[in-house]
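Colleague: Have a look at this one before I ask anything.
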Amino acid sequence: MKKWKIEYWTPEKDISSIEKWFDKLTKGQLKSLAKEIAMLELAGNQLKLPHSKALGKGLFELRERRFGLRVYYGFCGELVIIILATGNKRTQEKDIVIARKRLLEFKEE
76 MKKWKIEYWT PEKDISSIEK WFDKLTKGQL KSLAKEIAML ELAGNQLKLP
126 HSKALGKGLF ELRERRFGLR VYYGFCGELV IIILATGNKR TQEKDIVIAR
176 KRLLEFKEE
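Numbering (my numbering), first residue to last: 76 to 184.
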C-alpha cells in the first residue's frame, strides 16, 4: 500500500498561519493529532468516521477527538492530500468557511 503525500496550501502560498497553529499546540495535542495524520497518510480517501468526516464538495474534516482539534483537507490527483485550514471544535464553523473558500481557490489554479 502506497503512503499518501500531505501538503499544505493557502491562497497566498504562505503556510505560516497553518504553521503558527501547529506551533501553539501542546506536546500532548501534537502527539494525538500526529496519530490522526498518520492514519490519514496510510488510509487516504478510505479514512472514515470517527477519524474523518466528508463535508461535501470535496472537503473533509480530520477529527482529533481528545482535544477537539480539526484539520480541513481535500484530495488532489493520486495520493496527494492538501491541508487547507486548521482549528478546533469551537471554531469549526468559521474554519469550514475558510477551508471551503481555499478549496475553491485551489481548484481554480
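Here a beta-carbon is modelled for each residue, glycine too, at the ideal position from N, C-alpha and C.
Could you check whether L130 and E139 sit closer than 7 Å to each other, using their CB atoms as the reference points?
Modeller: no
Colleague: Could you say if the segment 83-95 and the segment 149-161 meet the contact criterion of at least three C-beta pairs nearer than 8 Å?
Modeller: Contact annotation: the segment 83-95 touches the segment 149-161, with at least three C-beta pairs closer than 8 Å.
Colleague: Report, in whole angstroms, the separation of the C-beta atoms of L108 and L154, which I expect to be a contact under 8 Å.
Modeller: With 8 Å as the limit, L108 and L154 do not qualify as a contact, their Cβ atoms being about 21 Å apart.
Colleague: DSSP beta-bridge partners for L144?
Modeller: E139, N163
Colleague: Using the Cβ count rule (16 or more neighbours within 10 Å means buried), how would you classify L115?
Modeller: So L115 counts as buried.
Colleague: Expressed to the nearest angstrom, what Euclidean distance is found between the alpha-carbon atoms of A118 and I93?
Modeller: Annotation: A118 to I93 spans about 23 Å, alpha carbon to alpha carbon.
Colleague: Exposed or buried, what is S127 when buried is set at 16 or more other beta-carbons lying within 10 Å of its beta-carbon?
Modeller: buried
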